[in-house]
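Here's the structure, in structure tokens; my notes come after.
In this note's numbering, the protein residues as written are 1071 to 1529.
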């Protein structure tokens, strides 16, 4: 194979974002991918999850059509039909990524790559092993799911989200286990999906608190909305099988659920196997440590996305991919993963960015905070929402926005504004003074900011 300016291992969000950025900067780029470009995000995580949650949200809306003056008889949730639409969307998105890479002149090589030296890869393709030299490399191999085992439960019943996505029908019951790099976010989404689809759903959170990255005030509201869908939520939970039941030991005692699928919602581990990292001299731990430029211990080798550990978000992966590609092609960029939001598409809609109030205080900030109840927001009322909350956390003297947390309708709208504010380093005073379209859910964000600085609207 010819030499390249940059060789990228993996074609997920980190890999293809890096390839497009490097090609834009004039580099000769090779991207090695064993499957189809798009990675877990397109094929197993973000896109299929959002497609199925979209179907679930439509069913929730249909339950309340009468409130809006629409009277009709709707169909039952058909998991197989929703999954078929999901598969079509995956094919569409994967084809779009392939087209973008082709248009930028990126050489996509089907195969698996491993280092044989700091400047050489061996690429296993259908025609055999071929050497591939490059000036710089980006490792973007993502993660692999490892479901593990649970005492007393048939290993075949312990499944991962990709299995849920392909179910031919809704199971009568399911237990969804939280935790993992997403800190329970995936579990919340899959518990909601299964409950709306008709399963008796349980969310078993191993940690002491439901969605620990979410501010506690908002977490209580989010949990109530999830329970309103029919999901039973247990914290400090451990599972074991006993006959025809699953026993859930939790912080409040014990509960049982019918035997059925146990969904390990986020069992991701960085994929480091068979990459030849020792031959390249790259230092590894459970993940690949990098600095803010996304460099590994070897200056011309970068690592991005899930393989570096952390929150393992596609948004973070794409951001890191662009940073690494910029630096690998002679630029100077710095990763800022702390200002990237987490958004759970509902119902219930949940999102956060930055610090909770408690985290901000522990870090020594002099904190002000404001909370607004979205049940008083005009747009939320028009949508039929009965509850929701948005909280703004800021530094008192300079007004730096340290965190935004929300649960309720149109949370992605709130988080888009919050992300722009935090990435632009605008202040809570700027946020409070922002005039939004009326009615919009984003007005609730400005109102929370006004409460943080002590000047709510109308006072």
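Here a beta-carbon is modelled for each residue, glycine too, at the ideal position from N, C-alpha and C.
Candidates the options, of which the one nearest residue i by Cα
i	options	result
residue 1512	1469, 1461, 1430	1461
residue 1475	1166, 1269, 1289	1289
residue 1113	1384, 1446, 1501, 1492	1384
residue 1073	1153, 1099, 1248, 1092	1099
residue 1251	1378, 1395, 1300	1378
residue 1314	1331, 1438, 1402	1331
residue 1271	1257, 1282, 1278, 1279	1257
residue 1120	1085, 1147, 1160	1160
residue 1421	1482, 1432, 1095	1482
residue 1249	1283, 1240, 1201, 1224	1283
residue 1342	1521, 1184, 1509	1184
residue 1408	1382, 1414, 1400	1382
residue 1499	1470, 1262, 1157, 1206	1470
residue 1307	1324, 1294, 1346, 1300	1324
residue 1488	1411, 1508, 1363	1411
residue 1329	1337, 1316, 1492, 1218	1316
residue 1254	1280, 1448, 1312	1280
residue 1166	1428, 1083, 1467	1083
residue 1154	1210, 1236, 1192	1236
residue 1413	1318, 1386, 1391, 1312	1386
residue 1524	1438, 1375, 1514, 1318	1438
residue 1451	1432, 1508, 1162, 1351	1508
residue 1364	1338, 1402, 1340	1402
residue 1350	1357, 1369, 1333, 1337	1369
residue 1391	1486, 1310, 1210	1210
residue 1299	1347, 1417, 1162	1417
residue 1215	1338, 1126, 1453	1338
residue 1147	1173, 1241, 1428	1241
Whole-Å CB distance - residue i paired with residue j, under 8 Å assumed
i	j	result
residue 1076	residue 1171	Not confirmed; about 13 Å, so no contact.
residue 1212	residue 1124	In fact, because the Cβ distance is near 24 Å, the residues do not count as touching under 8 Å.
residue 1444	residue 1478	4 Å
residue 1275	residue 1303	7 Å
residue 1086	residue 1208	About 11 Å separates the two Cβ atoms, so there is no contact after all.
residue 1291	residue 1459	4 Å
residue 1360	residue 1354	Not a contact, Cβ separation roughly 11 Å.
residue 1266	residue 1130	6 Å
residue 1542	residue 1261	With the chain running from 1071 to 1529 in the structure shown, residue 1542 is simply not present.
residue 1340	residue 1357	4 Å
residue 1095	residue 1399	5 Å
residue 1222	residue 1312	6 Å
residue 1194	residue 1181	5 Å
residue 1457	residue 1295	6 Å
residue 1204	residue 1333	With a Cβ gap of about 40 Å, residue 1204 and residue 1333 do not count as contacting.
Beta bridge counterpart(s) of residue i as assigned by DSSP
i	result
residue 1296	The partner list for residue 1296 (beta bridge, DSSP) is empty, contrary to what the question assumes.
residue 1215	1338
residue 1302	1272
residue 1062	Since the first residue shown for the chain is 1071 and the last is 1529, residue 1062 is missing from the structure and cannot be characterised.
residue 1450	For residue 1450, which the question treats as bridged, DSSP gives no partner whatsoever.
residue 1074	1204
residue 1445	Looking at the DSSP assignment, residue 1445 forms no beta bridge with any residue, so it has no partner.
residue 1288	Answer is none; residue 1288 lacks a bridge partner.
residue 1475	1422, 1461
residue 1414	1420
residue 1438	1464
residue 1309	1318
residue 1365	1372
residue 1228	1332
residue 1281	According to DSSP, which records beta bridges pairwise, residue 1281 is partnered with nothing at all.
Unbroken alpha helix (DSSP H) run spanning residue i, endpoints
i	result
residue 1068	In this structure the chain extends from 1071 to 1529, so residue 1068 is not present and cannot be described.
residue 1234	1231-1235
residue 1405	Note, residue 1405: premise wrong, no alpha helix (DSSP H); not H, not E.
residue 1252	That residue, residue 1252, is in no alpha helix (DSSP H); it is neither H nor E in DSSP.
residue 1343	Element bounds for residue 1343: n/a, residue is neither H nor E.
residue 1484	1481-1493
residue 1110	1109-1113
residue 1498	1498-1503
residue 1514	1512-1522
residue 1470	Premise fails: residue 1470 is in no alpha helix (DSSP H) and is neither H nor E.
residue 1429	1427-1432
Any non-hydrogen atom of the ligand SAM closer than 8 Å to residue i Cβ
i	result
residue 1495	No copy of the ligand SAM appears in this structure; indeed no ligand is present at all.
Delimiting residues of the beta strand (DSSP E) encompassing residue i
i	result
residue 1191	1190-1195
residue 1386	Where residue 1386 is concerned, there is no enclosing beta strand (DSSP E), although the alpha helix (DSSP H) it sits in stretches over 1384-1398.
residue 1210	Segment: none, residue 1210 is in no beta strand (DSSP E) and carries neither H nor E.
residue 1465	1459-1465
residue 1187	1182-1187
residue 1327	1323-1328
residue 1244	1243-1247
Residue i at chain D interface by Cβ criterion, 9 Å
i	result
residue 1465	The structure shown has no chain D; it contains just one protein chain.
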